[in-house]
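Trainee:
Residue numbers (full-length UniProt numbering): 1 to 307.
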């Protein structure tokens with residue numbers, strides 16, 4: 001891990017070096033040094049309607065044979081079953097589904113949907129596959145054995161898994177829009193590169209990407225995405241990347257440099273993108289603190305879209 005550097009010096013250096021950058025429709029996302037604090041949109045609010053979270057098990061995958069996993073579904077109170085809801089999929093779903101911790105999807109979605117800052121959105125929060133027995137409680141212990149295969153591999157397999165297995169099951173109970181501009185996908189670390197990969201391979205299905213501390217390094221070839229972006233005709237994606245100067249540096253590569261390369265490639269190719277670079281490490285503190293603002297940026301203009 002990189003040694004900590006004084007925040008004021010780092011922020012000045014990032015600005016001077018052009019590392020805090022954004023696309024042509026950039027909107028400011030406030031950054032705080034070192035320890036990032038959650039704002040009011042990440043706090044429970046009794047004055048807004050509350051959605052519900054239900055738990056589910058996917059006992060066998062055809063795309064990833066021999067794996068099983070848990071997932072949860074958040075449904076906002078405003079969902080009426082008549083108008084198709086927007087969709088947001090989360091990798092490592094257990095890190096997002098709680099009302100405490102870094103991301104607090106139910107709390108943040110409740111607050112932003114009530115304000116009209118994002119559409120009525122169903123969240124599907126999926127864990128990676130286990131080849132052993134499922135643990136009684138969702139989490140990191142034991143580690144899901146198939147996570148890297150599913151998330152770090154540069155292919156359309158995970159998109160195929162979502163589109164042919166999980167989402168059809170969800171759509172048996174809920175109406176979800178077919179408009180790819182109203183479908184978002186999010187993850188952390190290997191889940192972050194997975195989110196980008198789904199939209200990259202299937203922009204006809206997902207066009208909004210939120211990647212926190214994304215693993216765009218050479219775990220299973222993910223470092224090639226930066227070059228692929230430059231050499232491929234632009235795809236209709238909106239991408240927000242978040243990373244920190246104290247992210248990982250190991251045998252797979254340097255995460256801060258890899259995310260900077262991704263941002264520069266997106267800029268070069270003319271994408272609608274934003275790169276938020278702070279002082280954080282390989283954790284959810286920074287991404288969680290800015291999560292409401294990230295969602296506002298990602299979903300801006302949603303009222304002009306047809307469900």
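The beta carbon of each residue, even a glycine, is placed where N, CA and C say it ideally should be.
List the DSSP bridge partners of residue 281.
Mentor: Locating residue 281 in the chain shown gives position 281, where the first residue counts as 1. According to DSSP, which records beta bridges pairwise, residue 281 is partnered with 246.
Trainee: Tell me residue 88's beta-bridge partners as DSSP assigns them.
Mentor: Here residue 88 refers to the residue found at position 88 when the chain shown is read from its first residue. Note: residue 88 sits in a beta bridge opposite 123 and 184.
Trainee: Assuming residue 302 is part of the alpha helix (DSSP H), what are its boundary residues?
Mentor: The residue given as residue 302 occupies position 302 in the chain shown. Counting along the chain, residue 302 falls outside any alpha helix (DSSP H), and DSSP gives it neither H nor E.
Trainee: If you count every other CB in all the chains shown that lies within 10 Å of the CB of residue 132, and 16 or more means buried, which is it?
Mentor: Taking the chain shown and counting its residues from 1, the one referred to as residue 132 is at position 132. Its Cβ having fewer than 16 others within 10 Å, residue 132 is exposed.
Trainee: Taking residue 230 as part of the alpha helix (DSSP H), name the residues at either end of that continuous run.
Mentor: As a first step, residue 230 is located in the chain shown; it is residue number 230 there, counting from the start. Taken as a continuous stretch (DSSP letters only), the alpha helix (DSSP H) holding residue 230 covers 225-231.
Trainee: Locate the alpha helix (DSSP H) running through residue 147, then write down its first and last residues.
Mentor: By 1-based counting over the chain shown, the position of residue 147 is 147. Its alpha helix (DSSP H) spans residues 147-152.
Trainee: Can you list, in chain order, the residues of its chain with a C-beta nearer than 7 Å to that of residue 298? Leave out the 5 residues immediately preceding and following it.
Mentor: For the purposes of this step, residue 298 is taken as residue 298 along the chain shown, with counting starting at 1. Once the five neighbours on either side are set aside, the close Cβ partners of residue 298 are 184, 208, 210, 238 and 240.
Trainee: What are the start and end residues of each continuous alpha helix (DSSP H) run of 4 or more residues lying completely inside the segment 159-203, in chain order?
Mentor: 167-171 and 190-201
Trainee: Looking at the ligand SAM, does it come within less than 7 Å of residue 206, judged from the CB to the closest heavy atom?
Mentor: This structure lacks the ligand SAM; in fact it carries no ligand of any kind.
Trainee: What's the gap between the Cα of residue 255 and the Cα of residue 289?
Mentor: Within the chain shown, numbered from 1, the residue matching residue 255 stands at position 255. Within the chain shown, numbered from 1, the residue matching residue 289 stands at position 289. If I take the Cα positions, the gap works out to 20 Å.
Trainee: Identify, in the order they occur along the chain, each residue of the same chain with its Cβ nearer than 6 Å to the Cβ of residue 235, setting aside the five sequence neighbours on each side.
Mentor: Here residue 235 refers to the residue found at position 235 when the chain shown is read from its first residue. 203.
Trainee: Would DSSP call residue 217 helix, strand or coil?
Mentor: Taking the chain shown and counting its residues from 1, one reaches residue 217 at position 217. It is coil, neither helix nor strand.
Trainee: Reducing DSSP to helix, strand and coil, say where residue 26 ends up.
Mentor: Reading the chain shown from its first residue, position 26 is the one you call residue 26. Since pLDDT at residue 26 reaches only 41, below the 50 mark, its modelled position is unreliable, and the value read off the structure follows with that caveat. Reduced to three states, the DSSP call for residue 26 is coil.
Trainee: What does residue 73 pair with, by DSSP beta-bridge criteria?
Mentor: Here the question's residue 73 lines up with position 73 in the chain shown. Looking at the DSSP assignment, residue 73 forms a beta bridge with 54 and 124.
Trainee: Would you mind working out which of 106, 67 and 83 sits nearest residue 73, comparing C-alpha positions?
Mentor: Position 73 of the chain shown, counting from 1, holds the residue named residue 73. Across the set 106, 67 and 83, the C-alpha of 106 shows the shortest separation from the C-alpha of residue 73.
Trainee: For residue 241, which beta-bridge partners are listed by DSSP?
Mentor: In the chain shown, the residue the question calls residue 241 occupies position 241. Answer is 211 and 275, bridged to residue 241.
Trainee: Drop a sphere of 10 angstroms on the beta-carbon of residue 100, count the other beta-carbons inside from all chains shown, and report buried for 16 or more, exposed for fewer.
Mentor: Numbered from its first residue, the chain shown carries residue 100 at position 100. Exposed, by the Cβ-count rule.
Trainee: Pull up the DSSP beta-bridge partners for residue 81, would you.
Mentor: Walking along the chain shown from the start, residue 81 turns up at place 81. According to DSSP, residue 81 bridges with nothing at all.
Trainee: Return the first residue and the last residue of the alpha helix (DSSP H) that residue 263 is part of.
Mentor: As a first step, residue 263 is located in the chain shown; it is residue number 263 there, counting from the start. It spans 255-268 - the alpha helix (DSSP H) in which residue 263 sits, taken as one unbroken run.
Trainee: Do residue 151 and residue 91 have their beta-carbon atoms positioned less than 8 Å apart in this structure?
Mentor: Taking the chain shown and counting its residues from 1, the one referred to as residue 91 is at position 91. Taking the chain shown and counting its residues from 1, the one referred to as residue 151 is at position 151. Yes, Cβ-Cβ distance for residue 91 and residue 151 is below 8 Å.
Trainee: Assign residue 57 to buried or exposed, taking buried as 16 or more other Cβ atoms, counted over all protein chains shown, within 10 Å of its Cβ.
Mentor: As a working mapping, residue 57 is identified with position 57 in the chain shown. By the 10 Å Cβ count, residue 57 comes out exposed.
Trainee: So what does DSSP say about residue 112, is it helix, strand or coil?
Mentor: Position 112 of the chain shown, counted from the start, is the residue given in the question as residue 112. Here residue 112 sits in helix by DSSP.
Trainee: Check the C-beta distance from residue 284 over to residue 103 and give it rounded, since I have them as a contact under 8 Å.
Mentor: Here residue 284 refers to the residue found at position 284 of the chain shown. Here residue 103 refers to the residue found at position 103 of the chain shown. The pair is a contact, with the Cβ atoms about 6 Å apart (cut-off 8 Å).
Trainee: I'd like to confirm the pairing. Which residues does DSSP put opposite residue 68 in its beta bridges?
Mentor: For the purposes of this step, residue 68 is taken as residue 68 along the chain shown, with counting starting at 1. Note: residue 68 sits in a beta bridge opposite 130.
Trainee: Looking at the structure shown, is residue 287 part of a helix, part of a strand, or coil, going by DSSP?
Mentor: To locate residue 287, count along the chain shown from 1; it is residue 287. Residue 287: helix per DSSP, three-state reduction.
Trainee: According to DSSP, simplified to helix, strand and coil, what is residue 48?
Mentor: Within the chain shown, numbered from 1, the residue matching residue 48 stands at position 48. Reduced to three states, the DSSP call for residue 48 is coil.
Trainee: Do you know whose CA, among 275, 167 and 219, lies nearest residue 249's CA?
Mentor: The residue given as residue 249 occupies position 249 in the chain shown. Cα-wise, what sits closest to residue 249 is 219.
Trainee: Roughly how many whole angstroms lie between the Cα atoms of residue 206 and residue 226?
Mentor: Here residue 206 refers to the residue found at position 206 when the chain shown is read from its first residue. Here residue 226 refers to the residue found at position 226 when the chain shown is read from its first residue. The alpha-carbon atoms of residue 206 and residue 226 are separated by roughly 19 Å.
Trainee: Could you tell me the distance, in whole angstroms, from the CA atom of residue 138 to the CA atom of residue 295?
Mentor: On the chain shown, residue 138 is found 138 positions in, with the first residue counted as 1. On the chain shown, residue 295 is found 295 positions in, with the first residue counted as 1. Distance between the alpha carbons of residue 138 and residue 295 is about 25 Å.
Trainee: Have a look at residue 153 and residue 46 and give me their C-alpha separation to the nearest angstrom.
Mentor: On the chain shown, position 153 is the one that residue 153 refers to. On the chain shown, position 46 is the one that residue 46 refers to. Cα-Cα distance, rounded: 42 Å.
Trainee: Among residues of its own chain, excluding the 5 on either side of residue 81, which ones have a beta-carbon nearer than 7 Å to its beta-carbon?
Mentor: By 1-based counting over the chain shown, the position of residue 81 is 81. Result list for residue 81: 175, in chain order.
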